[in-house]
Amino acid sequence: MSRTCGAGRVRALSLAVVCAVALSGLPSAATVALDTTTGAPGIGDPYWPLDGNGGIDVRHYDVAVDYDFATGELSGTTTLTMAARTDLATFHLDLLLPVTAVSVEGVPAAFAKPVEHELRVTPATVVARDDVVEVEVTYAGRPGSIVYADELNWLASDRELLAANEPHMAPWWYPANDHPSDKATFDIAVTGPATHQAVSNGLLVNRRVDGARATTQWRVLRPMTTYNALLALGRYDVEQTTRGGLPSYVAVSRDLPAFERSAALRQLRRSDEITAWLARRLGPYPFESTGGLVTGLPAGFALENQTRPTYPGAPDTELLVHELGHQWFGNSVSVRRWRDIWLNEGFAQFLQHYWLETHRGQPAQQWLRKTHRAFAATRGFWRLDIADPGAARVFDNAVYVRGAMAVQALRHRIGDRTFWRLLRAWTDRRRHGTGGIGDFRTLAERVARQPLDGFFRAWLSAPRAPAVTRRNGLR
Ligand SMILES: [Zn+2]
2 MSRTCGAGRV RALSLAVVCA VALSGLPSAA TVALDTTTGA PGIGDPYWPL DGNGGIDVRH
62 YDVAVDYDFA TGELSGTTTL TMAARTDLAT FHLDLLLPVT AVSVEGVPAA FAKPVEHELR
122 VTPATVVARD DVVEVEVTYA GRPGSIVYAD ELNWLASDRE LLAANEPHMA PWWYPANDHP
182 SDKATFDIAV TGPATHQAVS NGLLVNRRVD GARATTQWRV LRPMTTYNAL LALGRYDVEQ
242 TTRGGLPSYV AVSRDLPAFE RSAALRQLRR SDEITAWLAR RLGPYPFEST GGLVTGLPAG
302 FALENQTRPT YPGAPDTELL VHELGHQWFG NSVSVRRWRD IWLNEGFAQF LQHYWLETHR
362 GQPAQQWLRK THRAFAATRG FWRLDIADPG AARVFDNAVY VRGAMAVQAL RHRIGDRTFW
422 RLLRAWTDRR RHGTGGIGDF RTLAERVARQ PLDGFFRAWL SAPRAPAVTR RNGLR
């Protein structure tokens, strides 16, 4: 993610709604534990205790939604293919919309919504540990009226819709095990006006027009985190190409002024070239397609949606590098817990500086030294532990800027060749998986053949500017 403006926009919304969820009597993080017959309402991430669900492992989502611009209503049927990690008499999913029916293996199941964010399902018979079952959920509601975790993530006008956000987006439009540690493949079908295009992740499979309505099907072949799933519906200029065997799909909103549309299209066309540049440094591109989408809605941030990042207006080249860099750092290798966010944002931000260095711009080490000098006396800048920034500051500026400084300092400390060998080892060994900061440090020490705990402490967690030493990568 990269904020371009209006970072506080959704944070100011109705606290009353958020408190109603928080006070509703569900367990806190400390008590979200798995017992043998009940899947827990949360996966155990202290940042957002109700996110994800204990006891289930979703393998595939088959999402079918229909959106009505006139009423703002979304109706959907999603089938989840999921494995039980323990015997389950009941289990939870995350969904903010009202539910009308649930079935498990085709048999109607009892369900309840103890709070708006949680759907509790009680199948007719216990799902045995390691069984893989299909769970179908039918639902409808107005996502634009719903706030969760202080976020109102649904962005829609009477002509265009964009569901793209982080850390939460899925529960506004499909039931999910909404945590990056449970990734799955997806089929996504979107029905809307035949005058509009529906854009999502992966490969465009089919578009079928039925009178005034059209249904577009997308397929995601590699595991994806739930927040990365994209739903965009609007009138777009679309271009589809294939370069080096990799399909690219780019879309630009026709609601943008003509000059911005052509600038956006010109920049989005560079996505496959930048993807190829990144692949030469980070290893083979992990996914089945690339591209991007520029919305006409006031999103205020860009997001790295898997295979198809979204941008608020024509992106500059560094922003393209940032969001496409996330395809390796964040999308292929995803955070295990939200506190590991440095592994996403520090590396995507560093890649922007590395792009500049290799394209007649400032060397990244010079940027590091200058930034370190400029902020040396700014105590607030160093106070945040960016290895555990807390839910409220997970996208704090320090996570990005100090995060990128730490990556460049590591590069300088262990040497360029060892550094790129480390990054390739990380993206290769954990491809389509997850990782934490501790895992990265362990791998870095192994590849660089030296202890680095003092280095990581100085750059990520110590509440002061790292000393100008060779050990800190500043000499
Ligand atoms: Zn980012």
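When we follow my numbering, the leftmost residue of the sequence shown carries the number 2, and every step to the right adds one.
All C-beta atoms, glycine included, are put in the ideal place defined by N, C-alpha and C.
Per DSSP, what are the beta-bridge partners of residue 302 in this structure?
4
Pull up the DSSP beta-bridge partners for residue 238, would you.
Residue 238 is bridged to 253.
How many Å lie between residue 22 and residue 354 at the Cα?
In this predicted model, residue 22 has a pLDDT of only 30, less than 50, meaning its place in the structure is not dependable; the value taken from the coordinates is given anyway. One C-alpha to the other measures close to 41 Å.
Three-state secondary structure (DSSP) of residue 198
Residue 198 carries a strand assignment under DSSP once its states are collapsed to helix, strand and coil.
How far does the alpha helix (DSSP H) with residue 406 in it extend, from its first residue to its last?
398 to 415
Using the beta-carbon count (16 or more within 10 Å), is residue 476 buried or exposed?
exposed
Ignoring anything shorter than 3 residues, give me the beta strand (DSSP E) runs that lie fully in the stretch 103 to 137, in order along the chain.
Those beta strand (DSSP E) runs which fall completely within the stretch 103 to 137 and span 3+ residues are 111 to 113 and 119 to 123.
8 Å Cβ shell around residue 394 - same chain, five flanking residues per side excluded:
Cβ contact annotation for residue 394 (same chain, cutoff 8 Å, sequence separation greater than five): 385 and 400, in chain order.
Relative to the C-alpha of residue 245, which candidate in 266, 260 and 277 has its C-alpha closest?
277
Quick check on residue 207: buried or exposed, where buried means 16 or more other Cβ atoms within 10 Å of its Cβ?
exposed
Hey, out of 168, 70 and 423, whose CA is closest to residue 450's CA?
423
Just to confirm, does residue 158 get its C-beta within under 6 Å of one of the non-hydrogen atoms of ligand 1?
no
Inter-residue Cα distance where the pair is residue 3 and residue 398
10 Å
Cβ pair residue 351, residue 405 closer than 7 Å
Yes.
By alpha-carbon positions, which one of 120, 175, 130 and 113 ends up nearest to residue 143?
175
Can we say the stretch 320 to 338 touches the stretch 371 to 380, given the rule of at least three CB pairs closer than 8 Å?
no
Roughly how many angstroms lie between the CA atoms of residue 7 and residue 301, to the nearest whole one?
Low confidence applies to residue 7: its pLDDT is 36, below 50, so where it sits in the model is not reliable enough to give any reading.
In whole angstroms, what separates the C-alpha of residue 253 from that of residue 261?
Whole-angstrom Cα-Cα distance: 9 Å.
The beta strand (DSSP E) enclosing residue 210, as first and last residue numbers
204 to 211
For residue 76, does the three-state DSSP call read helix, strand or coil?
strand
Just verifying my parser: in three-state terms, what is the DSSP assignment at residue 22?
Note that residue 22 scores a pLDDT of 30, beneath 50, so its modelled location is shaky and nothing firm can be said.
Cα-Cα separation, residue 171 to residue 64:
11 Å
By DSSP's criteria, residue 93 is part of a beta bridge. Which residues make up the other side?
121
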